[in-house]
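Notes follow the structure.
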Amino acid sequence: MIDLQVKVVKNYAEMSKLAADMVADLLKRKPTSVLGLPTGSTPIGLYEELVKRHQEGLDFSKVTTFNLDEYQGLAADHPASYHYYMEEHLFRHINVPREKINIPDGAAADAIEACRMYEEKIAGVGGIDLMILGIGTNGHIGFNEPKTPFGSTTNLVSLAPATIEANARFFEREEDVPQRALSMGIKSIMNCHKIVLLANGEAKAKAIAAAIQGPVTEALPASVLQLHPDCTFIVDEAAAGDLDNE
Ligand code: GLP
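Here our numbering = 1-based position in the sequence shown + 9.
Below is the structure:
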């Protein structure tokens, strides 16, 4: 049985607001929530909304965060690193305590060990209450590219050429995009208690249709979410464009 919920909203602003509502509701119910957070262009509007709501009183002082992924080999102060992104778009604007922020360490000398410890740390806080996801045009979630085993946990992964190309816009040259990343695995994502996936724009329409209405297959990582008991897709009309609504 497919439990997936799909909410089609008008545009990017509506997508961001609805996602922020879900985060805010959770934090009001459970101030000590553990949040899983993505990067990319998709969640920027959500983070802007959360910053606004924090200025209006939303409290992050008891929240713990785990980011999904980080490029290997980029220091935290590299402008294209996800450490830097999170700082710029969210963390420096809200009151989440430094020691409760977790991002895979892209500069770790032993990346495999860093991944193992990351997974342990997530388990140590009792798992992630709400994981927010974006989606790659090839259906990847986190940096879990097509063919990633559904049983994978946080690990060192190789980026697909399509992902390198898509993310080149954040770097000076395409050759500067790291070829590897530390990413929570598919199983780490499926273990989260609740998942919300965000997608906007026509470029995501094929991946969204395949993830929601295609077969559950490792060839399209996001399709695994059909098997999650509490997963909501929030997509704008453009990203919903290829969905069959019979
Ligand atoms: C990267 C990230 C993903 C993200 C994807 C889509 O590859 N690792 O977590 O979902 O890009 O990015 P965007 O939101 O910019 O389309």
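Glycine is no exception: its CB is placed at the ideal position from the N, C-alpha and C atoms.
The segment 174-185 makes no contact with the segment 63-71: fewer than 3 CB pairs, one atom from each, lie closer than 8 angstroms. Excluding residues up to 5 positions away in sequence, Ser25, Ala28, Ala29 lie with their Cβ nearer than 6 angstroms to the Cβ of leucine 55 in the same chain. No heavy atom of ligand 1 is found nearer than 8 angstroms to the CB of alanine 29. For lysine 213, the shortest C-beta to heavy atom distance toward ligand 1 is below 8 angstroms. In this structure, asparagine 200 lies away from alanine 248, with their beta-carbon atoms at least 9 angstroms apart.
For the pair valine 244 and lysine 39, the CB atoms are not nearer than the 9 angstroms cut-off.
Residues lining ligand 1 by the Cβ criterion, that is a Cβ closer than 6 angstroms to any of its heavy atoms, are Pro47, Thr48, Gly49, Ser50, Thr51, Leu77, Asp78, Gly143, Ile144, Gly145, Gly151, Phe152, Thr172, Asn176 in chain order.
For glycine 133, the secondary structure class from DSSP, reduced to helix, strand or coil, is helix.
Spanning the alpha carbons of glutamate 174 and isoleucine 144 requires a straight line of approximately 15 angstroms. In the three-state scheme derived from DSSP, where H, G and I count as helix and E and B as strand, phenylalanine 100 is classed as helix. In the same chain as asparagine 254, and ignoring 5 residues on each side of it, no C-beta atom comes closer than 7 angstroms to its own. Take the alpha-carbon of glycine 136 and the one of valine 205: they are about 16 angstroms apart.
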